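Student: Using numbering that gives the first Met the number 0, the letters of the sequence shown correspond one by one to residues 0 to 351. Here's a structure for you.
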Amino acid sequence: MKAKKALSDGELIKNCAIKMAEAFNENKVGNKFQTVPLSKQTVTRRLEDISNQISNNVKDIIANCSYFSIALDESTDVSDTNQLLIFVRAIKEDFTIFEELLKVCSLHSTTRGVDIFNAVKSAVEEFGGFEKLSSVVTDGAKSMTGTISGFVGFLRQNQITVPTLHCIIHQEALCAKSIKLSTTMATVTKITNLIRGGNRSLTHRKFLTLLEEMDSAYGDLLLHTEVRRLSCGKCLVRFFELRHEIATFLREEVTNSAELQNDLEDVEFLRNLAFLADITQQLNVLNLQLKGKKQTIFQMVGFVDSFRKKLHLFKSALDKNNLLHFPCCRKLSEEKGLEFRDYTEIIEDLTS
Numbered sequence: 000m001k002a003k004k005a006l007s008d009g010e011l012i013k014n015c016a017i018k019m020a021e022a023f024n025e026n027k028v029g030n031k032f033q034t035v036p037l038s039k040q041t042v043t044r045r046l047e048d049i050s051n052q053i054s055n056n057v058k059d060i061i062a063n064c065s066y067f068s069i070a071l072d073e074s075t076d077v078s079d080t081n082q083l084l085i086f087v088r089a090i091k092e093d094f095t096i097f098e099e100l101l102k103v104c105s106l107h108s109t110t111r112g113v114d115i116f117n118a119v120k121s122a123v124e125e126f127g128g129f130e131k132l133s134s135v136v137t138d139g140a141k142s143m144t145g146t147i148s149g150f151v152g153f154l155r156q157n158q159i160t161v162p163t164l165h166c167i168i169h170q171e172a173l174c175a176k177s178i179k180l181s182t183t184m185a186t187v188t189k190i191t192n193l194i195r196g197g198n199r200s201l202t203h204r205k206f207l208t209l210l211e212e213m214d215s216a217y218g219d220l221l222l223h224t225e226v227r228r229l230s231c232g233k234c235l236v237r238f239f240e241l242r243h244e245i246a247t248f249l250r251e252e253v254t255n256s257a258e259l260q261n262d263l264e265d266v267e268f269l270r271n272l273a274f275l276a277d278i279t280q281q282l283n284v285l286n287l288q289l290k291g292k293k294q295t296i297f298q299m300v301g302f303v304d305s306f307r308k309k310l311h312l313f314k315s316a317l318d319k320n321n322l323l324h325f326p327c328c329r330k331l332s333e334e335k336g337l338e339f340r341d342y343t344e345i346i347e348d349l350t351s
């Protein structure tokens, strides 16, 4: 389940295990594998047992810990249903950090502060109540942070006075969005959707064929989902690397794309694209560091401070047009003899 594999894979694994036992002449082991039941009813029952065991373990840990904290994140699934994810974090008796998904609550109607509070209250009371709650981390949405009609406001109205914090990963994502190159990102998104978005399977197949014919280093464009915790760095780098192939494809296969073709030939657009790809890749490194499991606030602050120091290093390098830390910019500079000194202002904004 952790690997997100289909449960039907169990049949394949069972057969492989039997064959392996036979290859090593371990007939007794093979017979034991033969007796493993994999019917739908058995698998369903065992999944329920695993779920109950995890719930009981969480209840025991929360009951024995001195304090615990929760983190909330509300998002929408593929069926447009709002899902509230509640995570719990506690320190066990042996001082090891415990983190677990407490519950996923579906919000089928509205997502107001009162709806979120009622869902959280119901979930937390299943595991012992708010008495040991020490802090709450939210995703920063208005329905979460509102002091009157938001989730935080209802906490206070119910005499639950704990610190409420804005998730540091969401803050990092907001920082990345503050980069003043939104027009460039919008153009990249538009071209990507034109090639492989929506009902464009034929256009997409033609593009893949072109990449194969041009012996491209990459087999396809990457799609980016606009979710707060995800970075678009890899998508931008792939787009930059395929910029020549994309321009050729638009010219030969896509009608009414003259404006987009001009963008791909515009030096200023290419400079913005190269810099945006490089700086978002650096932000992606920070994003992945902050997502690490069982980290303390000291570690996370250390990652942020380290990144700020890196930004000062990047700014100093760009002042001298040293593109060692900016591979896309360096490649474009070698092709067209461009400079990137004026982008130090954007890095300065990120450090503030």
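Heads up, the beta-carbon is just placed ideally off N, CA and C, and yes, glycines get one too. Values in this document were obtained by computation on a predicted structure and should not be read as measured data.
#1: Measure the alpha-carbon distance for Q82 versus S134 and round it to whole angstroms.
#2: Quick one: what's H165 bridged to in DSSP?
#3: Taking only the alpha-carbon atoms, compute the straight-line gap between F268 and L180 and give it to the nearest angstrom.
#4: DSSP puts A89 in a beta bridge; with which residues?
#5: Judging by CA-CA distance, which residue of V113, L132, T137 and L164 is the nearest neighbour of I147?
#6: Here's a check: name, in chain order, each residue in its chain whose Cβ is nearer than 8 angstroms to the Cβ of L101, leaving out the five neighbours to either side.
#7: Output the residue ranges of the alpha helix (DSSP H) runs that lie fully inside the region 169-201 and measure 4 residues or longer, sorted by chain position.
#8: Looking at the strands, I want to know which residues DSSP matches up with Q82.
#9: Can you say whether N286 is buried or exposed, counting buried as having 16 or more other CB atoms within 10 angstroms of its CB?
#10: Assign N24 to one of two classes, buried (16 or more other C-beta atoms within 10 Å of its C-beta) or exposed (fewer than that).
#11: Over what stretch of residues does the alpha helix (DSSP H) that includes Q298 continue unbroken?
#12: Thinking just about the alpha-carbon of each residue, which of S38, M19 and L37 is nearest to the one in G29?
#13: Just confirm the distance between the C-beta atoms of F325 and R270, as a whole number of angstroms; I'd bet it's less than 8 angstroms.
#14: On the CB-based measure, 16 or more other CB atoms within 10 Å of its CB, does L241 come out buried or exposed?
#15: Among A172, F97 and D8, which one has its Cα closest to the Cα of A62?
#16: Check whether the Cβ atoms of T183 and L272 sit closer than 7 angstroms, and answer yes or no.
#17: Starting from the Cα of D377, find the closest Cα among F238, C231 and L201 and give me that residue.
#18: Taking 7 angstroms as the threshold (C-beta atoms), are I345 and L310 in contact?
Tutor: A quick look at the data gives this:
#1: Within the sequence shown, numbered from 1, the residue matching residue 82 stands at position 83. Within the sequence shown, numbered from 1, the residue matching residue 134 stands at position 135. Distance between the alpha carbons of Q82 and S134 is about 21 angstroms.
#2: Counting from 1 along the sequence shown, the entry for residue 165 is found at position 166. Partner(s): T137.
#3: Sequence index remark: in the sequence shown, residue 268 carries index 269 (1-based). Sequence index remark: in the sequence shown, residue 180 carries index 181 (1-based). Each residue's Cα considered, the two are about 10 angstroms apart.
#4: Taking the first residue of the sequence shown as position 1, residue 89 is located at position 90. Beta-bridge pairing links A89 to F67 and F97.
#5: Counted from its first residue, the sequence shown places residue 147 at position 148. Its Cα nearest to that of I147, the residue V113 stands out among V113, L132, T137 and L164.
#6: The count along the sequence shown starts at 1 and reaches residue 101 at position 102. Same-chain partners within the cutoff: V57, I69, I85, F86, V87, A122, V123 and F126.
#7: At a cut-off of 4 residues, the continuous stretches assigned as alpha helix (DSSP H) that sit fully inside the region 169-201 are 181-195.
#8: Against the sequence shown, residue 82 aligns to sequence position 83. Answer is S74 and S105, bridged to Q82.
#9: The count along the sequence shown starts at 1 and reaches residue 286 at position 287. Note on N286: 16 or more other CB atoms within 10 angstroms of its CB, so buried under the neighbour-count rule.
#10: Your numbering for residue 24 matches position 25 in the sequence shown. N24 should be labelled exposed.
#11: Numbered from 1 along the sequence shown, position 299 holds the residue referred to as residue 298. Q298 -> alpha helix (DSSP H) spans I296 to D318.
#12: The residue you call residue 29 lines up with position 30 of the sequence shown. Selected option, being the one with the closest Cα: M19.
#13: One-based indexing of the sequence shown puts residue 325 at position 326. One-based indexing of the sequence shown puts residue 270 at position 271. The beta carbons of F325 and R270 sit about 11 angstroms from each other, so the pair does not count as a contact at 8 angstroms.
#14: By one-based count along the sequence shown, residue 241 stands at place 242. That one is buried.
#15: Along the sequence shown, one-based indexing puts residue 62 at 63. Nearest C-alpha to A62: F97.
#16: Here the question's residue 183 lines up with position 184 in the sequence shown. Here the question's residue 272 lines up with position 273 in the sequence shown. Taking 7 angstroms as the Cβ cut-off, T183 and L272 qualify as a contacting pair.
#17: This structure cannot settle anything about residue 377, because the visible part of the chain is limited to 0 through 351.
#18: For the purposes of this step, residue 310 is identified with residue 311 of the sequence shown, where counting begins at 1. For the purposes of this step, residue 345 is identified with residue 346 of the sequence shown, where counting begins at 1. No, the Cβ-Cβ distance between L310 and I345 is not below 7 angstroms.
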